[in-house]
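Residue numbers (our numbering): 2 to 466. Written out below as structure tokens is the structure these notes cover.
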């Protein structure tokens, strides 16, 4: 399913190969806390109305594009409809002018959008995908042919337009599932939003990954893993992170695990999936309607330690759940939003990190030869690192003459950090002494006073060292 790549930006990954350790730890903490409170307070009703819109290209276009995924899409539709009793619609996109398929997707969403917090819309896509050459945004497209106006490849859906519509016009929770190439490239910058709506994105692979087809496809694994979790939880709700983990361990997905991302806020209540009704038609106890949320009560608990262990988190959840239940307050659930360090603590840690890096570079450059001391006499290593971290490169016009050519001192300094010391020593032995620096100090000067006041982190350097 297809082409190209782009650089990821800051992320909000919940789980998967792109998740940071901070996101992974937060997910674990939240799950422990939620499970503890729900055991006491009962599981809140999440959704009484779930609609699945499944988008694919017509069979003729799929065959022209080298795909034959219709059977797997049909199986997934049956799992959603039969096992989970979701209203499911398969919508086939046809060859047409470029803007028409995008409008068809938006029209389909507009018809079924709900207006309560007990409604969930699932948007699923199976087909080719690429990143637009100019906008670097994901496009669904009909085939993998060259992008020629008038060709079937010219029938495309711009995913960003769909997301913008979802964010601006759909006031219910949304789950997007994309089985297409490079879907993992789009989800690393959330689209904002301060209200209580949830929007999560499950992608077939991580950043810069293609999507497999056939038996090894993400959709095939999704079908099997939904069935496994349906049996395992016996009708009880499970989180999307449970689904992501199950797919990750699937025999065909270990080399290309999926990613799960929050698209509206970094930390928010998770989307949970469960059958809507029991076979006899009565509402399942786990999915009874919860009273609508009309306000939030915010509390802050100052901690005397940086972390809480798992036992403490579970204990807090149980005790808090019992307290709320005994007081009979109109509280439907308690949400874990994370442990956040104080602003001053974050600033101090950032300064410590910068000083540590400066000291490391200072020692390494000394061992590599006289490059640093000759080029930056009297300049604090801390100033250099801060200046480089703020402006991108050290603002140093000092040059090295070699073989009739010149090399900027900051370029050579970068090579000092990137290359083994043996190679650096050879470079120093072959090069002539550096010219006196004409460096103009930048933002790093603000911490120069730290070193002038006798800081032990930056010992004085002499020409003989």
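Glycine included, C-beta positions come from ideal geometry on N, C-alpha and C. This structure is a prediction, so every number in the text was calculated from the model and none was measured.
Between residue 232 and the set 62, 32, 84, 36, the nearest pair of CA atoms involves 84. Per the coordinates, the alpha-carbon of residue 222 lies some 10 angstroms from the alpha-carbon of residue 259.
When rounded, the separation of the alpha-carbon atoms in residue 62 and residue 96 is 8 angstroms. Excluding the 5 residues flanking it on each side, residue 354 has no same chain C-beta neighbour closer than 6 angstroms.
With a beta-carbon spacing of about 5 angstroms, residue 74 and residue 127 fall inside the 8 angstroms limit used to define contacts.
Residue 275 sits in coil when the DSSP states are folded into three classes, being neither helix nor strand.
For residue 228, there is no enclosing beta strand (DSSP E); the enclosing alpha helix (DSSP H) has its first and last residue at 219-234.
Look at residue 34 here: in three-state DSSP terms it is helix. Judged by DSSP secondary structure, residue 169 falls within the alpha helix (DSSP H) whose first and last residues are 160-170. Measuring C-alpha to C-alpha distances from residue 183 to each of 336, 56, 103, 257 identifies 257 as the nearest. Listed in chain order, the non-local C-beta contacts of residue 87 below 8 angstroms within the same chain comprise 51, 52, 53, 81, 123, 277, local neighbours out to five positions each way being set aside. In the three-state scheme derived from DSSP, where H, G and I count as helix and E and B as strand, residue 122 is classed as strand. The Cβ neighbour count for residue 295, taken over all protein chains shown within 10 Å, is under 16; the residue is labelled exposed.
In this structure the region 237-244 does not touch the region 210-220; the number of beta carbon pairs closer than 8 angstroms is below three. Within a 10 Å sphere around the beta-carbon of residue 312 sit fewer than 16 other beta-carbons, which makes this residue exposed. Partner residues in the beta bridge of residue 58, as assigned by DSSP, are 94. Per the DSSP secondary-structure output, residue 183 pairs with nothing in a beta bridge. The alpha-carbon of residue 144 is positioned some 16 angstroms away from that of residue 179. Residue 68 and residue 216 have their alpha carbons spaced roughly 12 angstroms apart. Between residue 57 and residue 93, the CB-CB gap stays under 9 angstroms.
Taken atom to atom, the span from the alpha-carbon of residue 141 to that of residue 336 is near 36 angstroms. Residue 55 is not a Cβ neighbour of residue 326, given a cutoff of 9 angstroms. No residue range can be given for residue 199, since it is assigned to no alpha helix (DSSP H) and is classified by DSSP as neither H nor E. Residue 270 counts as buried, since at least 16 other C-beta atoms from the protein chains shown sit within 10 angstroms of its C-beta. CA-to-CA, the gap between residue 319 and residue 207 works out to about 36 angstroms. Look at residue 361 here: in three-state DSSP terms it is helix. Within a 10 Å sphere around the beta-carbon of residue 357 sit fewer than 16 other beta-carbons, which makes this residue exposed.
Taking the CA atoms as reference points, residue 22 sits about 11 angstroms from residue 29. If you look at residue 130, you'll find it in the beta strand (DSSP E) that goes 129-132. The alpha-carbon of residue 104 is positioned some 13 angstroms away from that of residue 164.
Considering only 315, 262, 275, 70, the residue with the shortest C-alpha distance to residue 227 is 275. The shortest C-alpha to C-alpha distance from residue 59 to any of 110, 108, 129 is the one to 129. Going by C-alpha positions, residue 262 is about 10 angstroms away from residue 245.
The beta carbons of residue 134 and residue 224 sit no closer together than 9 angstroms. The shortest CA-to-CA distance from residue 273 to any of 125, 364, 297, 121 is the one to 121.
Note: residue 176 is bridge-paired with 123, 201 in the DSSP secondary-structure output.
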